[in-house]
Every structure is written in structure tokens, then in C-alpha cells.
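Novice:
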Amino acid sequence: MTRVTDALRRARRGDRDHDGSGAVRHRGRWTSAAGQALRGLWPVDTVRRGACAVGRSVRAAWQGPGRERDLVVQSLKAAAAALLAWAVAGVWLDDPMALMAPWVALVLVQATVYSSVRLAGQQFTAICVGALVASGAQAVTDDTTGALALSLPLLMLLANWSRFGDQGVYAATTAVFTLASGTAVSASAVGHRVGQAALGAVIGIAVNALVLPPIHLRDVRENLAALAREAGDVLHAVAGDLRDTEWDAQTAAGWSSGAARLQRRLDALASARSWSQESLRLTYGPLRALHRAPPATPPEEEDQRWSRVTGHIAALTRTLAVAADEHRTPAPPEGPVLDLYARLLELIGDACHAEAGRLLGERVARPDSATEATMEELHRRLQDGLREHAGQGAARTAVLGTLLLQAENLWAEVVPVTGEQ
Numbered sequence: 002m003t004r005v006t007d008a009l010r011r012a013r014r015g016d017r018d019h020d021g022s023g024a025v026r027h028r029g030r031w032t033s034a035a036g037q038a039l040r041g042l043w044p045v046d047t048v049r050r051g052a053c054a055v056g057r058s059v060r061a062a063w064q065g066p067g068r069e070r071d072l073v074v075q076s077l078k079a080a081a082a083a084l085l086a087w088a089v090a091g092v093w094l095d096d097p098m099a100l101m102a103p104w105v106a107l108v109l110v111q112a113t114v115y116s117s118v119r120l121a122g123q124q125f126t127a128i129c130v131g132a133l134v135a136s137g138a139q140a141v142t143d144d145t146t147g148a149l150a151l152s153l154p155l156l157m158l159l160a161n162w163s164r165f166g167d168q169g170v171y172a173a174t175t176a177v178f179t180l181a182s183g184t185a186v187s188a189s190a191v192g193h194r195v196g197q198a199a200l201g202a203v204i205g206i207a208v209n210a211l212v213l214p215p216i217h218l219r220d221v222r223e224n225l226a227a228l229a230r231e232a233g234d235v236l237h238a239v240a241g242d243l244r245d246t247e248w249d250a251q252t253a254a255g256w257s258s259g260a261a262r263l264q265r266r267l268d269a270l271a272s273a274r275s276w277s278q279e280s281l282r283l284t285y286g287p288l289r290a291l292h293r294a295p296p297a298t299p300p301e302e303e304d305q306r307w308s309r310v311t312g313h314i315a316a317l318t319r320t321l322a323v324a325a326d327e328h329r330t331p332a333p334p335e336g337p338v339l340d341l342y343a344r345l346l347e348l349i350g351d352a353c354h355a356e357a358g359r360l361l362g363e364r365v366a367r368p369d370s371a372t373e374a375t376m377e378e379l380h381r382r383l384q385d386g387l388r389e390h391a392g393q394g395a396a397r398t399a400v401l402g403t404l405l406l407q408a409e410n411l412w413a414e415v416v417p418v419t420g421e422q
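Using my numbering, you'd call the opening residue of the sequence shown number 2 and step up by one each time.
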């Protein structure tokens, strides 16, 4: 608050120091200063950034297919499943214990049809266990509080059983609903709750499977393309900094941070691949029978290929970081050879960006003969530079040789000889 107060005080003082002819201009300056001061407050800044993120997500969902629109569809499907379950159980069947049906239907509209079926089995089992244990505890204690005290510790222990997955807690919550509802605990009441849970599970699974079944194939392609694009961005950043003779350990730390972001993107790709494979379980056959088979995803060899690219970039940035450390023996190469190496990395970065477009379905040609000739020329001149550095000491030679090897590895992966046109 001190920073805000000081900023406002300076703005007001600026207004008093000028005549009325500049009142409008200085009021604008005061408003700008106030805005800058408020933006410095972390709660306000957090809300502002959150609102911007929400706005971007809404625009992305409106503009076209993507993760944001998938989330909107799944959210609306979950709400529709809950409403349908309530209409069947509460309105049509007029069941006084209809709460269980929409509750179960709501949580079973999962990211994939297979996960909905798997979670339905776990959740239904947990609900049955919770209802039976609560009924037994009520029969033993004949008191709601005593029955809760007797059943909840046991059910929370059972909730940690791996067979229940993440659904074990529903045993305890079912016991709470059963005992706190005020209705008599009987075999009929237990049967009602179990029946409503089964109804909700059937409706939730049916809505998820029949209404725009979630298929996560697009996530794989988008993550692969983003990984290729970001790899090109990192290589371009390294190339630009190498041309600056003042690059140091702090600059190298920025390159290492970029390589770390690539690794996180690679982890996201692995997660997307897992989701895509699961989303085809129980759905690919019916969709194919209806002539609605989803398009094929890029093969898993692409994941492995870009994993190797990520590893080569990480090794390259580590080499540069070690060379930039004045307390380490290896020394960075100097002179025109750095410009040559920067140009080489730029060409590889351009190839990465072209591969990102190819993965998104764009018509992208392989590097033409002129580009390949340039690569060969750069490689030859760097080899000459390597021989020149050999006369200046082993440290510089080792660094340049390692960098050149990583560049060759990157080019071989990004532009394979047998790659697709």
C-alpha cells in the first residue's frame, strides 16, 4: 500500500505544479500513475491476469475446435446428464431419494468413455459398500451420531484401497447421505439408493458415449507441432545470442530454461498420447461401424524423434552453459566460427518451424537444394574452424567439436533422409 500511496501522492503533486491549461493532460497522467500503482498490487494483478486468461479461453472456444471447446462440450454434457438423471429419477419416477442419480451421472462424464465405464464400476461398488456399512452401523447403534462415528473411520480407511482408485471417498459420502437424510435405514431404502446410483451411472455413461464422444487425437498433433515450433524458437534464440559477443552465464541460463520448457512440452505430449489411446478404447469400433472413424494420429515414432531432438537441444545448451562459466575449464569458441554456428542453428530452427507446419497438415516442402548446399558449406567451414581451434588449445576444440556434433545430430533428426515430403 505504501507504493500505491506514494504513486498517487506524486501524481497529485504533479497536478498542483502545473496551471489549469494542462489540467486534462495531468489528470490523464494521474490516472496512468494510479493504474500503474494498482497493477503493482499482487491481488489486483492476479485477478487481472486471471480475467485475461479466461478471455483468451472464451475466444479460443468460440473461434474453432481445440482444447477449450472440448472442455466446454464436456462441461455441458455433464450438466445435461445430471439434468436428465434428475428428470428420470425425481420427476418421472418421483423417487424421494432421487439425489443419487444426478450426483452419479454428473461425475461420470469423464474425459474418455473408457474412464467413465471404469470409474462407474469403482464408484458403484463404493456406494454399495457405503450404504451397506451405514445401514449395519445404524442397526447396531440405533443412533445417527453413533452410526456415523462407527462407520466413517472404517469407510475412510477403505477409501484408500487401490481397487477403488479415486472413487473410494464416495463410500463415506454415501454413508453420510444415508444416515443424515432422516429416513429410516432399511433394506428398501438401501435398495433405492443403490438403484438410483445405477440409474445415474447408466445415464452418465450413455451421454458421454453417445453425445459427441470425447476423442483426444487432436491433442497429440497439437502438442507435437508445439514441440517442434518451440524447438525452433529455442534454436533461433541461441543463434541470436551467439552473435552478441557479450553473452555470458546469465544468457546461457536463459537457454537452459528454454530447454527445460521443451522437456515440459515433451511430458505434455506423453500425457496427450496416453489420453488419445484411452479415448479410442470402447469407441473406435462403433465409430468405424458408423463410418465416423477419427483421423489417424501421427505415429509414435514422431514422439521418439522429437524426444531425441529435445535431448540434443538440452545437451547443446548444457555445453554452452559450461563454456560460459568462467570457473570451468572448457572455453567458448571465438571469432567468425560463432557466426557460422549461429547461422547453422538458424537453418535448423527454420526446419523445425517447417516441421511444425507439416504436423498441422500444411503443405511444407523439404529444404531445397540451395538450403542443403548452404548447410554443407557451413559444415565445411566449421570443420575448418575446428582444425584452427585445435592449435589454440584442447578446451576450445572440445567445446566447438561438441557443439558441431549436436548440430549434426539435430539436422539428422529434423530433416531425416527418408522423411516425408
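For glycine and all other residues, C-beta sits at the position ideal for the given N, C-alpha and C.
If you're wondering where the values come from, they're calculated on a predicted model, not measured in any experiment.
1) Taking only runs that begin and end inside the stretch 103-187, name each unbroken beta strand (DSSP E) of 3 or more residues, in chain order.
2) Using only alpha-carbon positions, find the residue among A202, P154 and R119 that is nearest to V90.
3) Between the alpha carbons of A83 and A210, how many angstroms are there, rounded?
4) Could you say if the stretch 371-381 and the stretch 342-349 meet the contact criterion of at least three C-beta pairs nearer than 8 Å?
5) Counting C-beta neighbours from all protein chains within 10 Å, is the total for E301 16 or more, i.e. buried, or is it exposed?
6) Indicate whether A1 and A240 have their beta-carbon atoms separated by less than 7 Å.
7) Taking V416 as the reference, which of K78, P299 and V310 has the closest Cα?
8) Go ahead and label A24 buried or exposed: buried means 16 or more other beta carbons lie within 10 angstroms of its beta carbon, across all protein chains shown.
9) Say whether chain C places a C-beta atom closer than 7 Å to the C-beta of R382.
10) Taking three-plus beta-carbon pairs below 8 Å as touching, is the stretch 124-135 in contact with the stretch 180-199?
11) Between the stretch 262-269 and the stretch 225-243, can you find at least three pairs of beta-carbon atoms closer than 8 Å?
12) Could you please give the first and the last residue of the uninterrupted alpha helix (DSSP H) stretch that includes E363?
13) Would the stretch 91-110 and the stretch 67-81 be scored as touching if the rule is three or more Cβ pairs under 8 Å?
14) Closest to G192 by C-alpha separation, out of L133, F178, G402 and L243, would be which residue?
15) In the DSSP assignment, the alpha helix (DSSP H) including V310 goes from what residue to what residue?
16) Can you list, in chain order, the residues of its chain with a C-beta nearer than 7 Å to that of L360? Leave out the 5 residues immediately preceding and following it.
17) DSSP state of D71, grouped into three classes?
18) If you compare alpha carbons, which of L317, E373 and A102 is closest to A399?
19) Below 8 Å on the Cβ atoms is my contact criterion, and I expect L250 with A325 to pass it. Report the Cβ-Cβ distance as a whole number of Å.
20) Go ahead and pull the three-state DSSP assignment for M101.
21) For D340, which of L243, Q139, V105 and S116 has the nearest alpha-carbon?
22) Which word fits E303, buried or exposed, when buried means at least 16 other C-beta atoms lie within 10 angstroms of its C-beta?
23) Less than 7 Å separating the beta-carbons of I206 and A121?
24) Which whole-angstrom value describes the C-beta separation of A273 and D220, a residue pair presumed to lie in contact below a C-beta threshold of 8 Å?
Specialist: According to the data block:
1) none
2) Looking up residue 90 in the sequence shown gives position 89. For the sequence presented, residue 90 should be read as Ala rather than Val. A90 has its Cα closest to that of A202, out of A202, P154 and R119.
3) Position 82 of the sequence shown holds residue 83. Position 209 of the sequence shown holds residue 210. Cα-Cα distance, rounded: 15 Å.
4) yes
5) By 1-based counting over the sequence shown, the position of residue 301 is 300. E301 comes out exposed.
6) No statement about residue 1 is possible, as the shown extent of the chain runs from 2 to 422 and does not include it.
7) Here the question's residue 416 lines up with position 415 in the sequence shown. The option with the nearest alpha carbon to V416 is V310.
8) Taking the sequence shown and counting its residues from 1, one reaches residue 24 at position 23. For A24, the pLDDT reaches just 42, beneath the cut-off of 50, and the residue's location in the model is therefore unreliable, leaving the point undetermined.
9) Looking for chain C here will not work: only one protein chain is present.
10) yes
11) yes
12) Indexing the sequence shown from 1 puts residue 363 at position 362. First-last for E363: undefined, no H or E at that position.
13) yes
14) For this step, residue 192 is matched to residue 191 along the sequence shown. The residue with the shortest Cα to Cα distance from G192 is L133.
15) The residue given as residue 310 occupies position 309 in the sequence shown. Its alpha helix (DSSP H) spans residues E301 to A325.
16) Your numbering for residue 360 matches position 359 in the sequence shown. Hits under 7 Å: R222, L225, A226, A229 and P299.
17) By 1-based counting over the sequence shown, the position of residue 71 is 70. Helix at D71.
18) Taking the sequence shown and counting its residues from 1, one reaches residue 399 at position 398. Nearest C-alpha to A399: L317.
19) Residue numbering aside, residue 250 sits at position 249 when the sequence shown is read from its first letter. Residue numbering aside, residue 325 sits at position 324 when the sequence shown is read from its first letter. Per the sequence presented here, residue 250 reads as Ala, with Leu not at that position. Right, the Cβ-Cβ distance comes to about 5 Å (below 8 Å), so this counts as a contact.
20) For the purposes of this step, residue 101 is taken as the residue at position 100 of the sequence shown. If DSSP states are grouped into helix, strand and coil, M101 belongs with the helices.
21) Translated into the one-based positions of the sequence shown, residue 340 becomes position 339. Nearest option by C-alpha distance: L243.
22) For the purposes of this step, residue 303 is taken as residue 302 along the sequence shown, with counting starting at 1. So E303 counts as buried.
23) The residue you call residue 206 lines up with position 205 of the sequence shown. The residue you call residue 121 lines up with position 120 of the sequence shown. Result yes, Cβ atoms of I206 and A121 sit closer than 7 Å.
24) Sequence index remark: in the sequence shown, residue 273 carries index 272 (1-based). Sequence index remark: in the sequence shown, residue 220 carries index 219 (1-based). With 8 Å as the limit, A273 and D220 qualify as a contact, their Cβ atoms being about 4 Å apart.
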